[in-house]
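Enquirer: Note that the working numbering numbers the sequence shown so that position 31 is 31, with each residue one more than the last.
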Amino acid sequence: MVGAPEPHTGWTFITNHARVLAVIAENQNARIRDIAAHCRLTERAVQKIISDLEQAGFLSHTRAGRGNTYRIDPGKVLRHPAEAEAGLTVASLLGLLAQDEARRAELLYSSVRMRSDEGDEGDGVG
């Protein structure tokens with residue numbers, strides 16, 4: 001069983017609402033427990049965020065057995081006036097987050113590969 005998430009102090013660039021939405025975009029059948037663990041939030045905080053997103057029309061869900069299947073409205077314009085005036089949508093936000101995630105994975109892979117290659121140089125084979 002996963003313990004309580006580590007507390008975080010200070011500010012971040014990405015809100016918890018965006019984090020939850022990004023996890024749901026990756027897996028529309030994600031359980032609240034899994035979303036909470038991924039975002040390092042409590043399950044109660046995730047329930048509140050999902051409720052906020054549903055009330056604002058960014059997200060809806062249908063019951064699927066004991067779980068939920070979520071649906072994101074990709075065309076919904078973001079709430080902040082500066083983003084709304086520019087016509088930025090949920091799809092554009094999720095696209096940026098997905099690009100960042102792919103870039104981080106690529107950097108991690110190349111970093112691991114470089115360390116592996118360095119280790120191969122000192123093995124006396126070659």
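A virtual CB, placed ideally from N, CA and C, is assigned to each residue, including glycine.
Give, in chain order, every unbroken run of the alpha helix (DSSP H) that is at least 4 residues long and sits entirely within the segment 10 to 77.
Expert: Entirely contained in the segment 10 to 77, the alpha helix (DSSP H) runs reaching 4 residues are, in chain order, 16 to 26, 32 to 39 and 43 to 55.
Enquirer: Suppose contacts are defined by Cβ-Cβ distances below 8 Å. Is I72 in contact with L59 by that definition?
Expert: Contact flag set, yes.
Enquirer: Buried or exposed, going by whether 16 or more other CB atoms sit within 10 Å of the CB of M1?
Expert: Any reading at M1 must be qualified, since the residue scores a pLDDT of 47, below 50, and its modelled position is unreliable; the value itself is stated next. M1 is exposed by the Cβ-count criterion.
Enquirer: Return the residue from the list R44, L53 and N16 that minimises the CA-CA distance to R33.
Expert: Closest by alpha carbon: R44.
Enquirer: Starting from the Cα of R31, find the closest Cα among T89, H61 and L96 and give me that residue.
Expert: When each option's Cα is compared against that of R31, the closest is H61.
Enquirer: How is the alpha helix (DSSP H) around A82 delimited, first residue to last?
Expert: First-last of the alpha helix (DSSP H) with A82: P81 to E85.
Enquirer: Buried or exposed: A22, going by 16 or more other Cβ atoms within 10 Å of its Cβ?
Expert: Answer is buried; the Cβ neighbour count reaches 16.
Enquirer: Taking the C-alpha atoms as reference points, what is the distance between P81 and R63?
Expert: The alpha-carbon atoms of P81 and R63 are separated by roughly 33 Å.
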